[in-house]
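By the working numbering, the letter at position 185 of the sequence shown is numbered 664, and the numbering carries on one by one without gaps. Every residue gets a Cβ at the ideal spot worked out from N, C-alpha and C, and that includes glycine. Contents: one structure, followed by commentary.
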Amino acid sequence: LASSSRLANVDVRVPPSPSPSPRRTRAHAPRARAVVAMAGPPMPARALGHVIQGDDASAVRLEFWLDYACPFSGRFWRHVRSGAAKYGDKVQLVCYHQVQPWHFQSTLAHEVALAFCRVKGEGAFVSFSDALFDADTQSACMTDVEVENKTKMDIYDSLIEVGRKAGGSLRVTDEDEVKVREILGLDAAALKRGEKNPGNLVTQELKFYIKLGRQTGVHVSPSTYLHGLAVDSSSSWRDDEWHEFFDRHLAAAAAN
480 LASSSRLANV DVRVPPSPSP SPRRTRAHAP RARAVVAMAG PPMPARALGH
530 VIQGDDASAV RLEFWLDYAC PFSGRFWRHV RSGAAKYGDK VQLVCYHQVQ
580 PWHFQSTLAH EVALAFCRVK GEGAFVSFSD ALFDADTQSA CMTDVEVENK
630 TKMDIYDSLI EVGRKAGGSL RVTDEDEVKV REILGLDAAA LKRGEKNPGN
680 LVTQELKFYI KLGRQTGVHV SPSTYLHGLA VDSSSSWRDD EWHEFFDRHL
730 AAAAAN
């Protein structure tokens, strides 16, 4: 079974611009400010991660990185959701996208999840993940064997169909599906600029998750973190094991 790796709950911010050197002449200062303003890669507009349960006031925060193509991630998702349910807002669960590049279909699945969130709101993530992490659905849509002879658009089609059947907060209309497909299509503005690898409208968001995962040292899925520190867990844990885990850490939180 996959074990855990390391995560820091990073809320990335651009550092303030340094003050100009006293020796810098007034003529040079405008150029220095312009360089600072233009420097640096794109940054996320908000903290990454999908809050599945609880909030910032929860006594215990458990973060996990999952891959839609990983059967251990599917098992983990089902078991931790069940094990944490009785604690309500005492426990916060936060999920991050961990794309395993040796499964090319994984990128497409995580893009579809992000696209549904763009169209239907954050609640769509839980409903879509519940549907795709169903053991039978995951086996039918996400294994290497099932996608061997499928095109990119074939896989998008099957994943959108999973979303349409998901229910919960994800009640997809025909109009919603059109919007999702527009998000997943090649970036029209970038194509007009002559770019040959434009990506789509959720490519940059997925890049942020990849960057955060690399920065944190995440490799395997699932990887779990308690209050930002790596913690051992198992996708085979059922309710009893999770209750023991949460009870122990809730008691520690209450003692402090």
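Could you check the C-alpha separation between residue i and residue j for me, to the nearest Å?
{"i": "Leu691", "j": "Gly646", "result": "30 Å"}
{"i": "Arg717", "j": "Ala538", "result": "21 Å"}
{"i": "Cys574", "j": "Trp544", "result": "6 Å"}
{"i": "Gly642", "j": "Phe604", "result": "10 Å"}
{"i": "Leu665", "j": "Val578", "result": "20 Å"}
{"i": "Arg554", "j": "Val570", "result": "19 Å"}
{"i": "Val697", "j": "Thr703", "result": "9 Å"}
{"i": "Tyr584", "j": "Ala548", "result": "The sequence given here places Gln at residue 584; Tyr does not occur at that position. If you take the alpha carbons of Gln584 and Ala548, they lie about 7 Å apart."}
{"i": "Pro663", "j": "Phe551", "result": "One point to set straight first is that residue 663 is Leu, not Pro, in the sequence displayed. In a straight line, the C-alpha of Leu663 is about 27 Å away from that of Phe551."}
{"i": "Leu680", "j": "Tyr635", "result": "15 Å"}
{"i": "Ser618", "j": "Glu625", "result": "8 Å"}
{"i": "Asp568", "j": "Leu729", "result": "12 Å"}
{"i": "Val657", "j": "Val598", "result": "10 Å"}
{"i": "Asp726", "j": "Ala563", "result": "10 Å"}
{"i": "Ser700", "j": "Ser561", "result": "19 Å"}
{"i": "Ala516", "j": "Asn676", "result": "Low local confidence applies: a pLDDT of 44 at Ala516 is under 50, so the model's placement there is unreliable, with the coordinate-based value given in what follows. Going from the Cα of Ala516 to the Cα of Asn676 covers about 26 Å."}
{"i": "Asp534", "j": "Asp546", "result": "23 Å"}
{"i": "Asp719", "j": "Glu661", "result": "44 Å"}
{"i": "Ser715", "j": "His558", "result": "8 Å"}
{"i": "Ala588", "j": "Leu638", "result": "7 Å"}
{"i": "Leu670", "j": "Pro521", "result": "19 Å"}
{"i": "Gly600", "j": "Gln683", "result": "18 Å"}
{"i": "Gln694", "j": "Ser713", "result": "23 Å"}
{"i": "Glu654", "j": "Arg540", "result": "36 Å"}
{"i": "Ala734", "j": "Gly673", "result": "60 Å"}
{"i": "Thr630", "j": "Cys620", "result": "13 Å"}
{"i": "Met632", "j": "Arg525", "result": "30 Å"}
{"i": "Pro494", "j": "Glu542", "result": "The predicted position of Pro494 is uncertain, since its pLDDT is 40 and thus under 50; no value can be drawn from it."}
{"i": "Ala513", "j": "Ala709", "result": "The pLDDT assigned to Ala513 is 45, lower than 50, so where the model puts this residue is not dependable, and the model offers no usable value."}
{"i": "Pro523", "j": "Ala668", "result": "20 Å"}
Name the residue from the options whose alpha carbon lies nearest to the alpha carbon of residue i.
{"i": "Trp721", "options": "Met522, Pro523, Leu572 and Val530", "result": "Leu572"}
{"i": "Thr652", "options": "Lys629, Val626 and Phe595", "result": "Phe595"}
{"i": "Tyr688", "options": "Gly567, Asp535, Asp534 and Thr586", "result": "Thr586"}
{"i": "Leu527", "options": "Trp556, Lys686 and Glu640", "result": "Lys686"}
{"i": "Glu627", "options": "Val530, Thr682, Trp581 and Asp534", "result": "Trp581"}
{"i": "Ile531", "options": "Ser714, Glu661 and Ser608", "result": "Ser608"}
{"i": "Thr616", "options": "Gly673, Glu640, His706 and Val710", "result": "Glu640"}
{"i": "Asp613", "options": "Leu541, Lys631, Trp556 and Ala668", "result": "Trp556"}
{"i": "Val659", "options": "His576, Val591 and Arg650", "result": "Val591"}
{"i": "Ser606", "options": "Met621, Leu649 and Lys631", "result": "Leu649"}
{"i": "Ala731", "options": "Ala709, Leu705 and Asp711", "result": "Leu705"}
{"i": "Ala610", "options": "Lys644, Leu593 and Gly602", "result": "Lys644"}
{"i": "Glu723", "options": "Lys565, Gly519 and Ala536", "result": "Lys565"}
Since residue i is in the alpha helix (DSSP H), which residue starts that stretch and which ends it?
{"i": "Phe555", "result": "Pro550 to Ala563"}
{"i": "Leu453", "result": "Because the chain in this structure spans residues 480 to 735, residue 453 falls outside the shown range and cannot be described."}
{"i": "Tyr635", "result": "Lys631 to Arg643"}
{"i": "Gln584", "result": "Phe583 to Lys599"}
{"i": "Asp535", "result": "Counting along the chain, Asp535 falls outside any alpha helix (DSSP H), and DSSP gives it neither H nor E."}
{"i": "Glu625", "result": "Asp623 to Val626"}
Considering residue i, what are the terminal residues of the beta strand (DSSP E) in which it resides?
{"i": "Ala525", "result": "In the sequence on display, residue 525 carries Arg and not Ala. First-last for Arg525: undefined, no H or E at that position."}
{"i": "Leu545", "result": "Val539 to Leu545"}
{"i": "Leu572", "result": "Val570 to His576"}
{"i": "Gln532", "result": "His529 to Gln532"}
Every unbroken beta strand (DSSP E) inside the stretch 652 to 726 [3 residues or more]: 702 to 705
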